[in-house]
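Enquirer: According to the working numbering, the sequence shown is numbered sequentially starting from 69.
Glycine is no exception: its CB is placed at the ideal position from the N, C-alpha and C atoms.
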Amino acid sequence: MEAGFNRNREESLRRARELRERIADYLEARTRIRSGRELRDQLQQRRDRILRLLGGREEDWKDWHWHMRNRISDVSVLRRILNLSDQDAESIARVGKTHRWSISPYYASLIDPENRKDPVYLQAVPTHHELSGEGDPDPMSEETTSPTASTTRRYPDRMIIKVTNQCPMYCRHCQRRRAIGEVDRSTPKEHLVRAISYIRENPEIRDVLITGGDALMLSDSALDWLLTELDKIPHVEIKRLGTRTLATLPQRITESLCEMLERHHPLYVNTQFNSPIEVTDEAAEAADRLSRAGIPLGNQAVLLQGVNNDEHIMKKLNHELLKIRIRPYYLFHPKCVRGTVHFRCRVEEGLHIMEKLRGYTSGLAVPTYIINAPGGLGKTPMLPEYLLSWDAESITIRTWENKVIKYPNYRGRLHTESAASESARPTA
Ligand SMILES: *Cc1c(COP(=O)(O)O)cnc(C)c1O
Numbered sequence: 069m070e071a072g073f074n075r076n077r078e079e080s081l082r083r084a085r086e087l088r089e090r091i092a093d094y095l096e097a098r099t100r101i102r103s104g105r106e107l108r109d110q111l112q113q114r115r116d117r118i119l120r121l122l123g124g125r126e127e128d129w130k131d132w133h134w135h136m137r138n139r140i141s142d143v144s145v146l147r148r149i150l151n152l153s154d155q156d157a158e159s160i161a162r163v164g165k166t167h168r169w170s171i172s173p174y175y176a177s178l179i180d181p182e183n184r185k186d187p188v189y190l191q192a193v194p195t196h197h198e199l200s201g202e203g204d205p206d207p208m209s210e211e212t213t214s215p216t217a218s219t220t221r222r223y224p225d226r227m228i229i230k231v232t233n234q235c236p237m238y239c240r241h242c243q244r245r246r247a248i249g250e251v252d253r254s255t256p257k258e259h260l261v262r263a264i265s266y267i268r269e270n271p272e273i274r275d276v277l278i279t280g281g282d283a284l285m286l287s288d289s290a291l292d293w294l295l296t297e298l299d300k301i302p303h304v305e306i307k308r309l310g311t312r313t314l315a316t317l318p319q320r321i322t323e324s325l326c327e328m329l330e331r332h333h334p335l336y337v338n339t340q341f342n343s344p345i346e347v348t349d350e351a352a353e354a355a356d357r358l359s360r361a362g363i364p365l366g367n368q369a370v371l372l373q374g375v376n377n378d379e380h381i382m383k384k385l386n387h388e389l390l391k392i393r394i395r396p397y398y399l400f401h402p403k404c405v406r407g408t409v410h411f412r413c414r415v416e417e418g419l420h421i422m423e424k425l426r427g428y429t430s431g432l433a434v435p436t437y438i439i440n441a442p443g444g445l446g447k448t449p450m451l452p453e454y455l456l457s458w459d460a461e462s463i464t465i466r467t468w469e470n471k472v473i474k475y476p477n478y479r480g481r482l483h484t485e486s487a488a489s490e491s492a493r494p495t496a
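1. Check whether the stretch 177–189 and the stretch 218–231 are in contact - that is, three or more C-beta pairs closer than 8 Å.
2. Residues bridged to Asp275 by DSSP?
3. List the DSSP bridge partners of Tyr475.
4. When burial is assigned at 16 or more other CB atoms within 10 Å of the CB, is Asp109 buried or exposed?
5. Could you name the residues, in chain order, whose CB is less than 6 Å away from a heavy atom belonging to ligand 1?
6. The alpha helix (DSSP H) spanning Met22 covers which residue range?
7. If we call anything under 9 Å between Cβ atoms a contact, is Asp128 one with Trp134?
8. Nearest-angstrom Cα distance between Glu198 and Thr313?
9. Once DSSP output is grouped into helix, strand and coil, what is the label at Tyr174?
10. Quick one: Cα of Ile438 to Cα of Ile267, how far?
11. Using the DSSP secondary-structure output, state which residues sit across from Tyr398 in a beta bridge.
12. Taking all protein chains shown into account, decide if Pro396 is buried (16 or more other Cβ within 10 angstroms of its Cβ) or exposed.
13. Just to confirm before moving on: does the CB-CB distance between Leu178 and Ile345 stay below 9 Å?
14. Indicate the three-state DSSP secondary structure (helix, strand or coil) for Glu70 in the structure shown.
15. Does the beta-carbon of Arg147, which I'm using as the reference point, lie nearer than 8 Å to any heavy atom of ligand 3?
16. For the stretch 178–261, which segments carrying the alpha helix (DSSP H) assignment without a break, of at least 4 residues, lie completely within its bounds, in sequence order?
17. From Ser80 to Ala92, what distance separates their C-alpha atoms?
18. For His387 and Gly124, I'd like the C-alpha separation in whole angstroms.
19. Is there a Cβ from chain D that is less than 9 Å from the Cβ of Ser141?
20. What's the C-alpha gap between Leu329 and Gly366?
21. For Asp204, which of Arg83, Arg98, Arg244 has the nearest alpha-carbon?
22. Helix, strand or coil for Lys424, going by three-state DSSP, please let me know.
23. Identify every residue that forms a DSSP beta bridge with Ala441.
24. Just the C-alpha distance for Val415 and Pro207, rounded to the nearest angstrom, thanks.
25. Check whether the stretch 295–305 and the stretch 250–258 are in contact - that is, three or more C-beta pairs closer than 8 Å.
26. Taking the beta carbon of Arg493 as the centre, do at least 16 other beta carbons fall within 10 Å, making it buried, or is it exposed?
27. Taking contact to mean 3 or more Cβ pairs, one atom from each stretch, closer than 8 Å, check whether the stretch 455–462 and the stretch 260–280 are in contact.
28. Would you report the Cα separation of Gln234 and Gly281, rounded to the nearest angstrom?
29. Could you name the residues that DSSP lists as bridge partners for Tyr336?
30. Per DSSP, Ile140 forms a beta bridge with which residues?
31. What is the DSSP secondary structure of Ser80, reduced to helix, strand or coil?
32. On the criterion of 16 or more Cβ atoms from any shown chain inside 10 Å, does Asn76 qualify as buried, or is it exposed?
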């Protein structure tokens, strides 16, 4: 007995050492990859500097309206915040003539002013790459999958309403950049009224996504009206809001917004964090307010070259999100949208990241990797291959550690036997 116990114990300890070894590279890498919360002191200094430059007071930083009024969209202002070369500044000004850009002071405070390769810089500040004519302005064919103005229907039971083209920060990788015109524009109320009628007349629509732009650029009262209209439709079972404000302007998630949202359950919020730096104390507070209002939070990251196309960065991002109760939902392969092709990655890179998540970390930290099929044909999951082959009675699979195993494949007899007594007997 004792000898057997010791042998088992020894075996367990050997396996535990082996398991730890499997993530030795990550344990080393994670200290180099900083989250916004770990950079707290630096972010605070940048915040104070930006407040001084823009003539804001401490209280202003907490006010999302102040951030919107003071969005940075002028090269000379940006130059006072970031250390830009003449060449950088010239190129931003040139791109800015055709591609809109704007950065909330909050999001600007996340950028390392000295680092041109900073993942937050890359997402927010234009580069000459955007002028490349490569790619399609609308690869998702949203313009031809729009049953009423400002809606997209691509699936049997759910659809999208786009309520605004405004955002606190215009992502350089935006898939809807064709809709980001020179002026901020809320969707006209007639469009919304028509979208609501369409949903009312189509009882198979049970899930409505409110997005944009950024859905939370709407006022609380405008959103309250829209959610109330949707609540009146009995077949609308759930509603979802798409917003990047948790990453770009967490001050938008006020107590009063949450009190309003809480009256419209079941409501889900999906957001987009792409870099661990975006997970700051303010983002954590915003996520906590939404969670306390009973709203489940999901993250829809975009795989972006230079930002997060790395197994360790992606793992750290997902861990930081789970710590603030945001569940990684999707990882989107970057689309071939004109002006964003410099962010593109190979599919192998995404698959490699998925391979290094499953088994290596909590299943909760593993999103579904998605390629959006061109032509509006929908989200298509991409998975590393775990099923190697099969025959009549078994399949051959490989585990997360690449151990190849034959696994029996047959159906129990419970429902196929006529005599109940027979069915309970295991197969010989
Ligand atoms: C992404 C998307 C949805 C939602 O897809 P889920 O897989 O249910 O999250 C719905 N409609 C359109 C047009 C979409 O692009």
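Expert: With the structure as the only source:
1. no
2. Indexing the sequence shown from 1 puts residue 275 at position 207. DSSP output for Asp275 lists Arg226, Ile306 as bridge partner(s).
3. Position 407 of the sequence shown, counted from the first residue, corresponds to residue 475. Answer is Ile463.
4. Taking the sequence shown and counting its residues from 1, the one referred to as residue 109 is at position 41. Burial call: exposed.
5. Thr220, Arg222, Tyr223, Arg226, Met227, Ile228, Leu277, Lys447
6. A query on residue 22 cannot be resolved here, the shown segment of the chain reaching from 69 to 496 and no further.
7. Taking the first residue of the sequence shown as position 1, residue 128 is located at position 60. Taking the first residue of the sequence shown as position 1, residue 134 is located at position 66. Yes. Within cutoff.
8. Walking along the sequence shown from the start, residue 198 turns up at place 130. Walking along the sequence shown from the start, residue 313 turns up at place 245. Answer to the nearest angstrom: the Cα atoms are 24 Å apart.
9. Indexing the sequence shown from 1 puts residue 174 at position 106. Tyr174 falls in the helix class under three-state DSSP.
10. Taking the sequence shown and counting its residues from 1, one reaches residue 438 at position 370. Taking the sequence shown and counting its residues from 1, one reaches residue 267 at position 199. C-alpha separation (whole angstroms): 27 Å.
11. The residue given as residue 398 occupies position 330 in the sequence shown. According to DSSP, Tyr398 bridges with Gln368, Thr436.
12. Counting from 1 along the sequence shown, the entry for residue 396 is found at position 328. Classification of Pro396: buried, given that the 10 Å Cβ count is 16 or more.
13. Mapped onto the sequence shown, residue 178 falls at position 110. Mapped onto the sequence shown, residue 345 falls at position 277. Cβ distance < 9 Å, so Leu178 and Ile345 count as in contact.
14. Taking the sequence shown and counting its residues from 1, one reaches residue 70 at position 2. Glu70: helix per DSSP, three-state reduction.
15. Ligands in the displayed structure: ligand 1; ligand 3 is not one of them.
16. 187–192
17. Counting from one through the sequence shown, the residue named residue 80 turns up at place 12. Counting from one through the sequence shown, the residue named residue 92 turns up at place 24. In a straight line, the C-alpha of Ser80 is about 18 Å away from that of Ala92.
18. In the sequence shown, counting from the first residue as 1, residue 387 sits at position 319. In the sequence shown, counting from the first residue as 1, residue 124 sits at position 56. Cα to Cα, the separation comes out at about 34 Å.
19. No chain D appears in this structure, which consists of one protein chain only.
20. Taking the sequence shown and counting its residues from 1, the one referred to as residue 329 is at position 261. Taking the sequence shown and counting its residues from 1, the one referred to as residue 366 is at position 298. Going from the Cα of Leu329 to the Cα of Gly366 covers about 16 Å.
21. As a working mapping, residue 204 is identified with position 136 in the sequence shown. Measuring from the Cα of Asp204, the nearest candidate turns out to be Arg244.
22. The residue labelled residue 424 in the question sits at position 356 within the sequence shown. Three-state DSSP puts Lys424 in coil, outside helix and strand.
23. Numbered from 1 along the sequence shown, position 373 holds the residue referred to as residue 441. Gly446, per the DSSP bridge assignment.
24. To locate residue 415, count along the sequence shown from 1; it is residue 347. To locate residue 207, count along the sequence shown from 1; it is residue 139. Going from the Cα of Val415 to the Cα of Pro207 covers about 17 Å.
25. no
26. For the purposes of this step, residue 493 is taken as residue 425 along the sequence shown, with counting starting at 1. With a pLDDT of only 46 at Arg493, under 50, the local geometry of the prediction cannot be trusted, and the value read off the model is given with reservation. It is exposed - the Cβ of Arg493 has fewer than 16 other Cβ atoms within 10 Å.
27. no
28. By 1-based counting over the sequence shown, the position of residue 234 is 166. By 1-based counting over the sequence shown, the position of residue 281 is 213. Each residue's Cα considered, the two are about 5 Å apart.
29. Mapped onto the sequence shown, residue 336 falls at position 268. DSSP output for Tyr336 lists Arg308 as bridge partner(s).
30. The residue you call residue 140 lines up with position 72 of the sequence shown. Note: Ile140 sits in a beta bridge opposite Ile171.
31. Here residue 80 is taken as the residue at index 12 of the sequence shown, counted from 1. Reduced to three states, the DSSP call for Ser80 is helix.
32. Within the sequence shown, the letter at position 8 stands for residue 76. Flag for Asn76 reads exposed.
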